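Structure first, commentary second.
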Amino acid sequence: MATDELLAKLIRKLQDPVPQYVLGCLPAVATIGAAPKKSFITKLFWVARCLGCPFIGLFYTCNVKIDETTIYWLKKSCFMEVYENVEEQIVAEKEIPHRPFGHHAMMVIHKNSTHSNPTVQRRLTARAASNNDVLERLNECVAGASVLERLSSLASAYYIFVGIIAGITRAIAPRACEDWPFIPLVLSWTLPAIYRRIAHGKLVVKDPKECLRDDIIYVERLATGDEEHHTRVLLTFLASTTVPWITILLAYFTPPIGYFCRSKYLTVICSVWSFNNILAYIHHWIGEKSDRFDTIISVWFNICGVFIAVALFFLALLTNENKWWVDLFGASCDILEKCPIPY
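Residue numbers (my numbering): 402 to 744.
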């Protein structure tokens, strides 16, 4: 009988608005983790990696131009740096040590590239023509997002914005002693990816490695003094690391005010994200050779992504269930004496 009652209560809980907020935020997770991988399992691995490390998902969104989304998925051996040999007055080529993005960003040679030396200019024009052919072929890997995909992203943005407003309202309300699903707040860092999906609607649906074949993309160094790419990467790292911690502040100041179990629970999630962001940022600073990290790091991020997904789901179930908090984590989670409105 007790088991039947518990099952019935769980079913009622799943029908509450709180778990529905989790479902509403799922498109945001899928958007941040969209990748042109072949198998469904590989796609899920990438989603788990982005959920386990926000910096990875936001790096692609905030640091790769819309017209170059396909080449992000290529490894460093697909690029060749073109530079001028001043002594011999010729254009030379060499392999690049890292993928040309973020702190190591380089510019794809295009038809507008100019040089005062006619010989150098002819070489640049030839490389630009080769790049144009390759990029046109890579554009076949890109498709426009459907209306359903854009609407699902818009629904996630709605849940996140409503969650932010509701969270702030409960934090500043004097006696609003009511629990609230913090999942939309925790996932607010996905908003840049949602905006990009809704506004631009471009998806890389096919692996660019298959379209590139054995061709090479020619790149050149950015102009001296161009530091925008460094600033953008640093801001992406800081935003993906600090924004989730705002949720803990709101949880702390939501009545009953204090560092109770919900704040500690969120602290664990944010700590995992912060550690992984630092790890991913250091890895990017050292230099990436492909869109795949070292095996150990990849496995770790995937494990963390699964852990975060499970933790967020249980956080939704625990909302408004103080007894479940106490049963799982002990008497320190009991807030009935401090909260004038029973849960």
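For glycine and all other residues, C-beta sits at the position ideal for the given N, C-alpha and C.
Everything numeric in this text was worked out from a predicted model, so none of it was measured.
{"Query": "Pairwise C-alpha distance: Asn464 and Ser672", "Result": "24 Å"}
{"Query": "Rounded separation between Asn678 and Val423 - CA only", "Result": "23 Å"}
{"Query": "Any non-hydrogen atom of the ligand ZN closer than 8 Å to Ser547 Cβ", "Result": "Annotation note on the ligand ZN: not contained in the displayed structure, which lists no ligands."}
{"Query": "Length of the line joining the Cα atoms of Lys439 and Ala732", "Result": "48 Å"}
{"Query": "Between the CA atoms of Asn540 and Ala399 - distance to the nearest angstrom", "Result": "Since the first and last residues shown for the chain are 402 and 744, residue 399 lies out of range."}
{"Query": "Pairwise C-alpha distance: Thr471 and Glu611", "Result": "11 Å"}
{"Query": "Residue nearest to Lys665 in terms of C-alpha spacing, selected from Leu680, Cys734, Thr696", "Result": "Cys734"}
{"Query": "Tyr660, DSSP secondary structure in three states", "Result": "coil"}
{"Query": "Complete beta strand (DSSP E) runs within the segment 524-568 (minimum length 3 residues, chain order)", "Result": "543-545"}
{"Query": "Any beta strand (DSSP E) of 3 or more consecutive residues that is wholly inside the segment 475-504", "Result": "480-486, 491-496"}
{"Query": "Run of the alpha helix (DSSP H) containing Glu611, from where it starts to where it stops", "Result": "609-613"}
{"Query": "C-alpha distance - Pro498 paired with Met508, whole-angstrom precision", "Result": "15 Å"}
{"Query": "Own chain partners of Trp725 with C-beta closer than 8 Å, once the 5 adjacent residues on each side are dropped", "Result": "Leu718, Leu719"}
{"Query": "Validate contact between the segment 430-439 and the segment 644-657 using beta carbons, cut 8 Å, 3 pairs", "Result": "no"}
{"Query": "Alpha-carbon spacing of Pro645 relative to Ala429, whole angstroms", "Result": "15 Å"}
{"Query": "Three-state secondary structure assigned by DSSP to Ile736", "Result": "coil"}
{"Query": "Gly458 vs Ala594 beta-carbon contact at 9 Å", "Result": "yes"}
{"Query": "Where Thr642 falls, given that 16 or more other Cβ within 10 Å makes a residue buried", "Result": "buried"}
{"Query": "Closest residue to Leu636 among Asp616, Leu613, Tyr682 (Cα-Cα distance)", "Result": "Tyr682"}
{"Query": "Integer-rounded CB distance, given that Leu452 should sit under 8 Å from Ala710", "Result": "6 Å"}
{"Query": "Beta-carbon gap between Val483 and Glu496 smaller than 9 Å", "Result": "no"}
{"Query": "Residue burial classification, Leu639 (beta-carbon count within 10 angstroms, cutoff 16)", "Result": "exposed"}
{"Query": "Inter-residue Cα distance where the pair is Cys542 and Lys603", "Result": "10 Å"}
{"Query": "Segment limits, beta strand (DSSP E) that includes Ile617", "Result": "Looking at the DSSP string, Ile617 is not in any beta strand (DSSP E), and its letter there is neither H nor E."}
{"Query": "Buried/exposed call for Tyr660, threshold 16 Cβ in 10 Å", "Result": "exposed"}
{"Query": "Beta-carbon proximity of Tyr619 to Asn703, cut-off 9 Å", "Result": "no"}
{"Query": "Residue ranges of each alpha helix (DSSP H) within the segment 685-721, 4 or longer", "Result": "696-719"}
{"Query": "Inter-residue CB distance, Cys426 and Leu592 (contact presumed, cutoff 8 Å)", "Result": "Contact doesn't hold; Cβ gap of about 11 Å is too wide."}
{"Query": "C-alpha distance - Ala712 paired with Asp534, whole-angstrom precision", "Result": "47 Å"}
{"Query": "Expected contact under 8 Å - CB spacing of Arg500 and Lys690 to nearest Å", "Result": "7 Å"}
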